[in-house]
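Asker: My questions will all concern the structure given below.
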Amino acid sequence: MTTQRTVSLAPTTFQEAIRFSEMLANSDMVPKDYKGRPANVMVAIQWGAEVGLSPLQALSNIAIVNGRPSLWGDAALALVRGHPACSGVREGVEGEGEARHGWCEVIRRGEQPQRRTFSVADAKNAGLWGKQGPWSQYPDRMMQLRARGFAIRDVFPDALRGVITTEEAQDIPAEPLPPARGATIDAEPQRASEPRREPIPGGMVEHVQGQQQRRTMRDLIADVEQRLDAVVDAPDLLAVIDDPAVRKLRDTLRQAEPGTAKADAGSALEDRFSALYQRLMTPPVDMADAEMEDVA
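In terms of the UniProt record's numbering, the sequence shown has 171 at position 171, counting the first letter as 1, and numbering is strictly consecutive.
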């Protein structure tokens, strides 16, 4: 009997995470939320790691809604059912009229069963009843999913780590986006007028163009370093990573000949990205889990 081995695609370093995210974002096998958006891919993979999903499972089951990661309801239910302390999950829809409601009962081993409901009256109070889309097409299903979301989050917060279901996230009004922090590196200040330039002697053209290109590269690197200095949280870092101009610059530096000043500058820049990634993107250690490991 032959045993087939599954090759893990999970990245282990910041550089691997960036390249893996870019590869997936450029593929045709990811949901539209991730097409051409490597930063979204990285966030989904990171959140997937938080709740125990592999990278490809995360991309299939995590949706970015209004800038916030969320889990499709069936994926959240699967995580709870797979938890070692889960003794069972029951759910359904019952009742008539305003009293009709979805319900979900969750049992955690060693605790009393917990039951949550979401009724027609609740949906009307929340402004959801009759709302265009699933609430008009599948109202019973949506009430059941709402009850499920409340129940599994209340009983198994350690399994879901604060991630809400996508069905709930889609019903939350989008918040206005704050103004962007700082300008992108390809932004140029407005210039009132251009000074008159004297013609360059023929023999000097290539020399001057080379100097301008080198200055531009140094300026771009300095601009990226300045943006990294201003990074205070994960969204800041992802905004820098996802900037097309930054991605182009990093690709150029990666292709530099080893041992050159350009290659050294690229290596130093990648070290800064890696350090910030480790500090801001690595999931915090769950103290309860750490204590259990110590006891074991």
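Heads up, the beta-carbon is just placed ideally off N, CA and C, and yes, glycines get one too.
When the Cβ atoms of the stretch 129 to 140 are set against those of the stretch 64 to 74, are three or more pairs found closer than 8 Å?
Answerer: No, they do not touch.
Asker: Ignore the nearest five residues each way along the sequence and tell me which others in L24's own chain have a CB closer than 6 Å to its CB.
Answerer: Excluding residues within five positions, the ones whose Cβ falls inside 6 Å are V30 and V41.
Asker: Apart from the five residues just before and just after L56, which ones in its own chain have a Cβ nearer than 6 Å to its Cβ?
Answerer: Hits under 6 Å: none found.
Asker: Hey, out of T12, A58, A49 and Q226, whose CA is closest to Y34's CA?
Answerer: The shortest Cα separation from Y34 among T12, A58, A49 and Q226 belongs to A58.
Asker: The alpha helix (DSSP H) that contains I172, what's its start and end?
Answerer: I172 -> no alpha helix (DSSP H), and no H or E assigned at all.
Asker: Between R161 and V51, what straight-line distance do the alpha-carbon atoms span, to the nearest angstrom?
Answerer: Cα to Cα, R161 sits roughly 7 Å from V51.
Asker: Mind the definition here: the stretch 71 to 89 touches the stretch 266 to 278 only if three or more C-beta pairs lie below 8 Å; say whether that holds.
Answerer: At 8 Å Cβ cutoff, the stretches do not touch.
Asker: Could you check what DSSP says for S87 in three-state terms: helix, strand or coil?
Answerer: Note: S87 maps to strand in three-state DSSP.
Asker: Checking 8 Å against the spacing of the C-beta atoms, do C104 and A151 come in under that value?
Answerer: In contact: C104 and A151 (Cβ atoms closer than 8 Å).
Asker: Mind checking Q226: buried by the 16 CB within 10 Å criterion, or exposed?
Answerer: Per the 10 Å Cβ criterion, exposed.
Asker: Decide if A147 is buried, meaning its Cβ has at least 16 other Cβ atoms within 10 Å, or exposed.
Answerer: When all chains shown are included, A147 counts as buried.
Asker: Which value, in whole angstroms, describes the spacing of the CA atoms of F156 and A230?
Answerer: Their Cα atoms are separated by approximately 37 Å.
Asker: Can you tell me where the alpha helix (DSSP H) holding I152 begins and where it ends?
Answerer: That run of the alpha helix (DSSP H) goes P139 to V155.
Asker: Can I221 and A39 be called in contact, C-beta distance under 8 Å?
Answerer: No.
Asker: Using alpha carbons as the reference points, say which of G48, L237 and S119 lies closest to A275.
Answerer: For A275, the nearest C-alpha among the options comes from L237.
Asker: Counting only the same chain and skipping the five closest in sequence on each side, list residues whose C-beta sits under 7 Å from that of F273.
Answerer: Cβ within range, chain order: F14.
Asker: Please determine, among E94, R109 and R108, the residue with the shortest C-alpha to C-alpha distance to G102.
Answerer: For the residues E94, R109 and R108, the minimum Cα distance to G102 belongs to E94.
Asker: Going by DSSP, what residue range makes up the beta strand (DSSP E) through V106?
Answerer: H101 to R108 is the extent of the beta strand (DSSP E) around V106.
Asker: Shortest alpha-carbon distance to V43 belongs to which of L79, R250 and A17?
Answerer: It is A17.
Asker: What is the residue span of the beta strand (DSSP E) that Q114 lies within?
Answerer: Q114 to S119 is the extent of the beta strand (DSSP E) around Q114.
Asker: Sort M217, L79, G88 and G82 by Cα distance to P113 and report the nearest one.
Answerer: Ranking M217, L79, G88 and G82 by Cα distance to P113 puts G88 first.
Asker: What separation, rounded to the nearest whole angstrom, lies between the Cα atoms of V106 and Q255?
Answerer: Looking at the two C-alpha atoms, the distance is approximately 54 Å.
Asker: Among A49, T166 and P173, whose alpha-carbon lies nearest the alpha-carbon of G127?
Answerer: Among A49, T166 and P173, the Cα nearest to that of G127 belongs to P173.
Asker: Which residue marks the beginning of the alpha helix (DSSP H) containing P31, and which one marks its end?
Answerer: Careful: P31 lies outside any alpha helix (DSSP H) and carries neither H nor E.
Asker: Could you have a look at G52 and say whether DSSP puts it in helix, strand or coil?
Answerer: Coil.
Asker: Could you give the distance in angstroms between the alpha-carbon of V246 and the alpha-carbon of M217?
Answerer: Those two C-alpha atoms are separated by around 11 Å.
Asker: Round the Cβ separation of R116 and D154 to the nearest angstrom and send it over; I've been treating them as touching at under 8 Å.
Answerer: Their Cβ separation, rounded to whole angstroms, is 7 Å, which keeps R116 and D154 in contact under 8 Å.
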